[in-house]
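Visitor: One structure coming up, written as structure tokens, with questions to follow.
Here it is, written out as structure tokens:
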């Protein structure tokens, strides 16, 4: 172990960034602003590591208050630890259950602080071989006209893959998908995110219809708790299946690999940080799985971090890196822009938190 | 649906009760005080429903701050709902992930408020046929002498079943168990809680040794993530297995029933409230499983609520109702006492929160 500088304190800075419109994915799941938390690791030499934690009560059970609370709980054990003592840091970070986005952000802020303290940078160390990453946009459930208008705006902004949130109204969803196909033709690729809303009875026909409609794949068609049914649906080979809700953690991934429930793994740095995301990527790659890097509706900083993972070897699919197109403002000193379907990640190396923008967005 | 009074507000009151000694169950898991949260549901007619939420960062990822945060998050949707509209209340309570003790306490406080508003009481409605419940005490990991001294104190206080926390030092654990057997003989029944610390290689011999040492059963010998290995260990029939960590939720229970991993279900009102606990009890009973009611190191109010579940038909095993013996003070107006191994639950009907004791314990 290299000897480094020690952790002085942790900090949680809540901020609020208004959205263009809303993001909805269920009766109790909608956002009209990104109300996230900047997780900061301060070292004794003044180094500041930072990352974004997006509280999602309906998905991960976190709130702004829970992120502040778990950081305060962990701070007692972190203060005084050497930033290079990754084994000790991981033991503390892993000492609490759940709190995935808080712990994911903590991991990324620790990486950021560690590399800066060494005179390195996240971009210098983590930028992988595929520096241009194909970007996808998540189209939330809304009235068909609203969805189409948002799709137009996003395609005009340079994105060429849309993940369409679908739900219990399967007929309406297929109409929206047909309208999107008619609008964009081959220029835009589409896939569906069912968010566990299908049933074992309905899923086979629904997946056939999605395949016939030209969708690339479908994310989480069945409830995660139906392990055997998910295994059987994937074995039926109708449409590639993307694992998201079923693979929140490395332990989840092992179970899903054992039961053979998916074709493509959606890895989210927002919930797994760099350490677990890289481990999950290596594991999925070794098992011959496709991989995409997903977003938890991240603002700019979270997008930079996800994009760095998106450049790694083994990432085979478009990555959810364009949520910033839904933000009316951001914390970064420069915008994140898309061209011809791609995000040029290498060009983002100079992007950083602008303290004045943060001051304006703090709550 | 009967029309009732509406919810006016939710309240979270943190309090602190010092312990006799410590409770430890791992490197990052130890308590020197019960720092819990009184969850309150206020109705428009002034009715007050109350229950105890014990934050356990290492088990459920909750902190005092997260319990306050999730109640504040849910309050917006609860206010104005009719206390008799259980479908609407359950939809809101189920709209967030995790937060098990906050949501469990919320459920029990809703029951308390609903029954009071009807002119009924929890004891009037929930007291089951087995009004005397055999009580067990959880003996935390400590130096053998400390464990033996605590066991003596607890047995003198009327408890006749000890759940002994065991860990990675299997030889030392067996020595402690032998010392307890030598001390108490047939007067005291013993079982073990491995808290997922064994491995598939070591577990068969460890369970054989536990059986030979006279233990009744063992709780969670293997890591929960090792589903197939747990299935195989139970199929080997060495010692009855108690499910705890593997059955945090009704959905978990369904998976465990499908894979046949356990003999006895440990249901904890602290994490499942009354609604889910009763459903899990019915489900386990229908599947021919034994059932115990467990404690999350509850103080008096949580113990009353767990004890009410302990009186139900279908509860076959001793219940973890004696953590109050480890508290130096409590919030209740009268002590909870044990005699000849039993807790007389019917005798607790007049126990209630003492507002002066609460004022003294508030933080």
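Chains as they are written, first to last, in our numbering: chain H, 816 to 1178; chain P, 816 to 1178.
By construction, the Cβ of each residue, glycine as well, lies at the ideal position given by its N, Cα and C atoms.
Using a Cβ-Cβ cut-off of 7 Å, state whether residue 885 of chain H counts as contacting chain P.
Guide: What you label residue 885 of chain H is simply residue 70 of the first chain in a count that begins at 1. At least one chain P Cβ lies under 7 Å of residue 885 of chain H.
Visitor: Since I believe residue 1065 of chain P is in contact with residue 1095 of chain P (beta carbons under 8 Å), could you give me their beta-carbon distance rounded to a whole number of angstroms?
Guide: For this step, residue 1095 of chain P is matched to residue 280 along the second chain. For this step, residue 1065 of chain P is matched to residue 250 along the second chain. Sure, about 6 Å apart at Cβ, within 8 Å.
Visitor: Against residue 982 of chain P, what residues of chain H qualify as contacts under a CB-to-CB distance less than 9 Å, listed in chain order?
Guide: Mapped onto the second chain, residue 982 of chain P falls at position 167. Those within 9 Å of residue 982 of chain P in chain H number zero; the least Cβ separation is about 16 Å.
Visitor: What are the start and end residues of the alpha helix (DSSP H) that includes residue 1095 of chain H?
Guide: Position 280 of the first chain, counting from 1, holds the residue named residue 1095 of chain H. Counting along the chain, the alpha helix (DSSP H) containing residue 1095 of chain H begins and ends at 1084-1101.
Visitor: Measuring only the C-alpha atoms, how far is residue 862 of chain P from residue 888 of chain P?
Guide: The sequence position of residue 862 of chain P within the second chain is 47, counting from 1. The sequence position of residue 888 of chain P within the second chain is 73, counting from 1. Between residue 862 of chain P and residue 888 of chain P, the C-alpha separation is close to 22 Å.
Visitor: Nearest to residue 920 of chain P by alpha carbon, out of P:1114, P:1173, P:1153, P:1172?
Guide: Reading the second chain from its first residue, position 105 is the one you call residue 920 of chain P. Of P:1114, P:1173, P:1153, P:1172, the residue nearest in Cα terms is P:1114.
Visitor: Terminal residues of the continuous beta strand (DSSP E) containing residue 874 of chain H?
Guide: Here residue 874 of chain H refers to the residue found at position 59 when the first chain is read from its first residue. It is not in any beta strand (DSSP E) - residue 874 of chain H instead sits in the alpha helix (DSSP H) that spans 872-875.
Visitor: Can you tell me whether DSSP reads residue 868 of chain H as helix, strand or coil?
Guide: Position 53 of the first chain, counting from 1, holds the residue named residue 868 of chain H. Looking at residue 868 of chain H - three-state DSSP - the assignment turns out to be strand.
Visitor: Based on the DSSP output, what are the partners of residue 1107 of chain H in its beta bridges?
Guide: Within the first chain, numbered from 1, the residue matching residue 1107 of chain H stands at position 292. Beta-bridge pairing links residue 1107 of chain H to H:1081.
Visitor: Between the Cα of residue 948 of chain H and those of H:1168, H:1122, H:1174, spot the shortest distance and give me the residue it belongs to.
Guide: As a first step, residue 948 of chain H is located in the first chain; it is residue number 133 there, counting from the start. The candidate whose alpha carbon is nearest that of residue 948 of chain H is H:1122.
Visitor: When DSSP labels each residue in this structure, what does residue 956 of chain P get in the three-state scheme?
Guide: Here the question's residue 956 of chain P lines up with position 141 in the second chain. DSSP places residue 956 of chain P in coil when its eight states are reduced to three.
Visitor: Please confirm whether residue 1066 of chain H has its beta-carbon closer than 7 Å to some beta-carbon of chain P.
Guide: Indexing the first chain from 1 puts residue 1066 of chain H at position 251. Yes, because at least one Cβ of chain P sits closer than 7 Å to the Cβ of residue 1066 of chain H.
Visitor: Report the residues of the stretch 845-877 of chain P with a CB closer than 7 Å to any CB of chain H, ordered along the chain.
Guide: Here the close residues are 872, 873, 874, 875, 876.
Visitor: Helix, strand or coil: how does DSSP classify residue 1135 of chain P here?
Guide: As a working mapping, residue 1135 of chain P is identified with position 320 in the second chain. Residue 1135 of chain P: coil per DSSP, three-state reduction.
Visitor: Please list, in chain order, all residues of the same chain as residue 859 of chain H whose beta carbon is under 7 Å from its beta carbon, the five residues on each side excluded.
Guide: Along the first chain, one-based indexing puts residue 859 of chain H at 44. These residues qualify, in order along the chain: 820, 821, 823.
Visitor: Hey, residue 1091 of chain P and residue 832 of chain P are a contact pair by Cβ (cut 8 Å); roughly how many whole angstroms apart?
Guide: Mapped onto the second chain, residue 1091 of chain P falls at position 276. Mapped onto the second chain, residue 832 of chain P falls at position 17. Contact doesn't hold; Cβ gap of about 26 Å is too wide.
Visitor: Contact criterion: CB-CB distance below 7 Å. Does residue 1178 of chain H meet it with respect to chain P?
Guide: Counted from its first residue, the first chain places residue 1178 of chain H at position 363. Closer than 7 Å: no.
Visitor: Sorted by chain position, which residues of the same chain lie with C-beta nearer than 6 Å to residue 1159 of chain H's C-beta, five sequence neighbours on each side aside?
Guide: Translated into the one-based positions of the first chain, residue 1159 of chain H becomes position 344. If we look at residue 1159 of chain H and ignore the five residues flanking it on each side, its Cβ neighbours are 947.
Visitor: Please name the residues in the stretch 907-932 of chain P whose beta-carbon is closer than 8 Å to at least one beta-carbon of chain H, in chain order.
Guide: Listed by position along the chain: 907, 910, 911, 912, 913, 914.
Visitor: Across the stretch 884-904 of chain H and the stretch 1065-1078 of chain H, are there enough close Cβ pairs to call them in contact, namely three or more that are closer than 8 Å?
Guide: Not touching, per the Cβ criterion.
Visitor: Quick check: is the beta carbon of residue 891 of chain P nearer than 7 Å to any beta carbon in chain H?
Guide: Taking the first residue of the second chain as 1, we reach residue 891 of chain P at position 76. Not closer than 7 Å to any Cβ of chain H, the Cβ of residue 891 of chain P fails to qualify, so no.
Visitor: Using the Cα positions of residue 1045 of chain P and residue 959 of chain P, report the straight-line distance between them to the nearest angstrom.
Guide: In the second chain, residue 1045 of chain P corresponds to position 230, counting from 1. In the second chain, residue 959 of chain P corresponds to position 144, counting from 1. Taking the straight line from one Cα to the other gives about 29 Å.
Visitor: Tell me the DSSP secondary structure of residue 951 of chain P in three-state form.
Guide: Within the second chain, the letter at position 136 stands for residue 951 of chain P. DSSP places residue 951 of chain P in strand when its eight states are reduced to three.
Visitor: In whole angstroms, what separates the C-alpha of residue 1130 of chain P from that of residue 826 of chain P?
Guide: Position 315 of the second chain, counted from the start, is the residue given in the question as residue 1130 of chain P. Position 11 of the second chain, counted from the start, is the residue given in the question as residue 826 of chain P. When rounded, the distance between both Cα atoms is 32 Å.
Visitor: Closer than 7 Å, Cβ to Cβ, to anything on chain H: give me those residues from the stretch 1028-1041 of chain P, in chain order.
Guide: Answer in chain order: 1040.
Visitor: Is the beta carbon of residue 1039 of chain P less than 7 Å from the beta carbon of residue 1080 of chain P?
Guide: One-based indexing of the second chain puts residue 1039 of chain P at position 224. One-based indexing of the second chain puts residue 1080 of chain P at position 265. The answer is no: Cβ separation not under 7 Å.
Visitor: Just to check my reading of the structure: residue 970 of chain H and residue 999 of chain H have Cβ atoms closer than 8 Å, yes? What is that Cβ distance to the nearest angstrom?
Guide: Counted from its first residue, the first chain places residue 970 of chain H at position 155. Counted from its first residue, the first chain places residue 999 of chain H at position 184. Confirmed, about 6 Å.
Visitor: Find out if the Cβ-Cβ distance for the pair residue 972 of chain P, residue 1153 of chain P is shorter than 7 Å.
Guide: As a first step, residue 972 of chain P must be located in the second chain, where it is residue number 157. As a first step, residue 1153 of chain P must be located in the second chain, where it is residue number 338. In this structure, residue 1153 of chain P lies closer than 7 Å to residue 972 of chain P by Cβ.
Visitor: If you drop the 5 nearest sequence neighbours on each side, which residues of the same chain put their C-beta closer than 7 Å to that of residue 1004 of chain P?
Guide: Residue 1004 of chain P sits at position 189 when you count from the first residue of the second chain. Counting only Cβ-Cβ distances below 7 Å, and skipping sequence neighbours, we find 975, 976, 1031.
Visitor: When the Cα atoms are used, what is the spatial distance from residue 1118 of chain P to residue 1140 of chain P?
Guide: Here residue 1118 of chain P is taken as the residue at index 303 of the second chain, counted from 1. Here residue 1140 of chain P is taken as the residue at index 325 of the second chain, counted from 1. If you take the alpha carbons of residue 1118 of chain P and residue 1140 of chain P, they lie about 11 Å apart.
Visitor: With respect to the beta strand (DSSP E) encompassing residue 1130 of chain H, which residues constitute its N-terminal and C-terminal limits?
Guide: Within the first chain, numbered from 1, the residue matching residue 1130 of chain H stands at position 315. Careful: residue 1130 of chain H lies outside any beta strand (DSSP E) and carries neither H nor E.
Visitor: So for residue 859 of chain P, helix, strand or coil by DSSP?
Guide: Here residue 859 of chain P refers to the residue found at position 44 when the second chain is read from its first residue. If DSSP states are grouped into helix, strand and coil, residue 859 of chain P belongs with coil.
Visitor: List the residues of chain H whose Cβ lies closer than 9 Å to the Cβ of residue 766 of chain P, in chain order.
Guide: Outside the displayed span of chain P (816 to 1178) sits residue 766 of chain P, for which this structure offers no information.
Visitor: For a quick check, are the C-beta atoms of residue 1028 of chain P and residue 995 of chain P less than 7 Å apart?
Guide: The residue given as residue 1028 of chain P occupies position 213 in the second chain. The residue given as residue 995 of chain P occupies position 180 in the second chain. Contact: no.
Visitor: Would you mind telling me which residues of chain H sit closer than 8 Å to residue 879 of chain P, beta carbon to beta carbon, in chain order?
Guide: Locating residue 879 of chain P in the second chain gives position 64, where the first residue counts as 1. Going along chain H in sequence order, the residues near residue 879 of chain P (Cβ under 8 Å) are 884.
Visitor: Consider the Cβ of residue 888 of chain P: report whether some Cβ of chain H lies at a distance smaller than 7 Å.
Guide: Translated into the one-based positions of the second chain, residue 888 of chain P becomes position 73. Yes, because at least one Cβ of chain H sits closer than 7 Å to the Cβ of residue 888 of chain P.
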